[in-house]
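Enquirer: Using this note's numbering, the letters of the sequence shown map in sequence onto residues 8 to 190. Here a beta-carbon is modelled for each residue, glycine too, at the ideal position from N, C-alpha and C. Values in this document were obtained by computation on a predicted structure and should not be read as measured data. One structure is given below, represented as structure tokens, and several questions about it will come after.
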Amino acid sequence: MTHNSADSSALLRAKNLSKSVMIGDTKTDIIKGINVTINASEFAVIMGKSGSGKSTLLGLLAGLDYPDSGEVWLDGQNLTQLSEDELAQKRQQDMGFVFQSFHLLPTLTVAENIAFPLDIARQPDPDRVEQLLVAVGLTHRRDSLPHQLSGGEQQRTALARALVARPKIIFADEPTGNLDEQN
């Protein structure tokens with residue numbers, strides 16, 4: 008693992024990030040020369056029109072995809088130089104994810120979906136799960152399956168799951184895109 012103390016002041020830093028795809032015989036730049044710095048406790052939003060590369064950039068910043076060039080540093084560690092196993096461990100320990108389509112496991116209850124990241128890490132914490140059930144207002148739905156929930160309840164479950172391991176950073180890709188104004 009690579010550490011650089013010069014980059015440790017920022018929680019997340021991307022340097023000259025680029026990503027392209029081949030469409031037929033044509034190389035199309037999706038992300039080109041992007042620089043991002045996000046400090047701890049900051050809230051950052053990526054805005055742009057549909058198809059402008061927001062989700063691609065988010066995926067690169069979260070280590071879900073590799074850039075063609077450039078670097079992504081999280082908490083002083085260069086994600087672009089980590090092995091797949093190291094990157095998976097980094098995501099598990101330091102990152103939370105909330106997606107537009109929720110990605111809840113259909114056979115697990117609300118409480119089990121929230122606890123899932125802790126169970127994978129072999130660090131069960133029923134008190135933390137209960138704390139988040141209360142925080143997102145889903146104690147009465149703890150034993151419900153995802154298909155029994157409203158869109159808002161599913162999204163609150165996904166948010167609690169993202170928070171359960173106390174990540175250093177949360178990546179949310181259009182987390183309210185499937186919700187009505189009340190949710």
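1) Note the first and the last residue of the continuous beta strand (DSSP E) segment covering Arg20.
2) With respect to the beta strand (DSSP E) encompassing Asp36, which residues constitute its N-terminal and C-terminal limits?
3) Can you check the segment 74-118 for any beta strand (DSSP E) of at least 3 residues that lies completely inside it and give the ranges in chain order?
4) Could you tell me which residues DSSP puts in a beta bridge with Ile176?
5) Alpha helix (DSSP H) containing Thr164: first to last residue?
6) Taking the alpha helix (DSSP H) that Asp134 belongs to, which residues open and close that run?
7) Just checking my contact of Ile38 with Leu71 at CB under 8 Å: how many whole Å lie between their CB atoms?
8) Return the residue from the list Phe106, Leu81 and Leu125 that minimises the CA-CA distance to Ala179.
9) With a CB to CB cut of under 7 Å and the five nearest residues on each side skipped, what residues in its chain are close to Asp101?
10) Can Glu78 and Lys22 be called in contact, C-beta distance under 7 Å?
11) Does Phe50 pass the burial test, meaning 16 or more other C-beta atoms within 10 Å, or should it be called exposed?
12) Just to confirm my understanding: we take Glu181, look at its own chain, exclude 5 residues before and 5 after, and list those with CB closer than 7 Å. What are they?
13) Excluding sequence positions up to five away, which residues of its chain have a Cβ less than 8 Å from the Cβ of Ile53?
14) Have a look at Leu18, Ser25 and Ser76 and flag the residue whose alpha-carbon is nearest the alpha-carbon of Ile45.
15) Should Val171 be labelled buried (16 or more other beta-carbon atoms within 10 Å of its own) or exposed?
16) Give a yes or no on whether the C-beta atoms belonging to Phe109 and Gln161 are separated by under 7 Å.
17) Anyone know if the C-beta pair for Ser25 and Asp75 falls short of 7 Å?
Expert: According to the structure shown:
1) Here residue 20 is taken as the residue at index 13 of the sequence shown, counted from 1. Looking at the DSSP string, the run of the beta strand (DSSP E) that includes Arg20 is Leu19 to Ile30.
2) Within the sequence shown, residue 36 is the residue found at index 29, counting from 1. From DSSP, the beta strand (DSSP E) with Asp36 extends over Thr33 to Ile45.
3) 76-81 and 102-106
4) Residue numbering aside, residue 176 sits at position 169 when the sequence shown is read from its first letter. Ile176 is bridged to Met102.
5) Here residue 164 refers to the residue found at position 157 of the sequence shown. Segment Gly158 to Leu170, the alpha helix (DSSP H) holding Thr164.
6) The sequence position of residue 134 within the sequence shown is 127, counting from 1. Where Asp134 is concerned, the enclosing alpha helix (DSSP H) stretches over Pro133 to Ala142.
7) Here residue 38 refers to the residue found at position 31 of the sequence shown. Here residue 71 refers to the residue found at position 64 of the sequence shown. 13 Å between Cβ atoms; not a contact.
8) For the purposes of this step, residue 179 is identified with residue 172 of the sequence shown, where counting begins at 1. Ala179 has its Cα closest to that of Phe106, out of Phe106, Leu81 and Leu125.
9) Residue mapping note: residue 101 aligns to position 94 of the sequence shown, counting from 1. Around Asp101: Leu81, Asp82, Pro174, Lys175 and Ile176.
10) For the purposes of this step, residue 78 is taken as residue 71 along the sequence shown, with counting starting at 1. For the purposes of this step, residue 22 is taken as residue 15 along the sequence shown, with counting starting at 1. Yes, these two residues count as a Cβ contact at 7 Å.
11) As a position in the sequence shown, residue 50 is number 43, starting the count at 1. It is exposed - the Cβ of Phe50 has fewer than 16 other Cβ atoms within 10 Å.
12) For the purposes of this step, residue 181 is taken as the residue at position 174 of the sequence shown. Result list for Glu181: Gln107, in chain order.
13) The residue labelled residue 53 in the question sits at position 46 within the sequence shown. Lys61, Leu64 and Leu65.
14) For this step, residue 45 is matched to residue 38 along the sequence shown. Closest option to Ile45, Cα to Cα, is Leu18.
15) Indexing the sequence shown from 1 puts residue 171 at position 164. By the 10 Å Cβ count, Val171 comes out buried.
16) Here the question's residue 109 lines up with position 102 in the sequence shown. Here the question's residue 161 lines up with position 154 in the sequence shown. Yes, the Cβ-Cβ distance between Phe109 and Gln161 is below 7 Å.
17) The sequence position of residue 25 within the sequence shown is 18, counting from 1. The sequence position of residue 75 within the sequence shown is 68, counting from 1. Yes, the Cβ-Cβ distance between Ser25 and Asp75 is below 7 Å.
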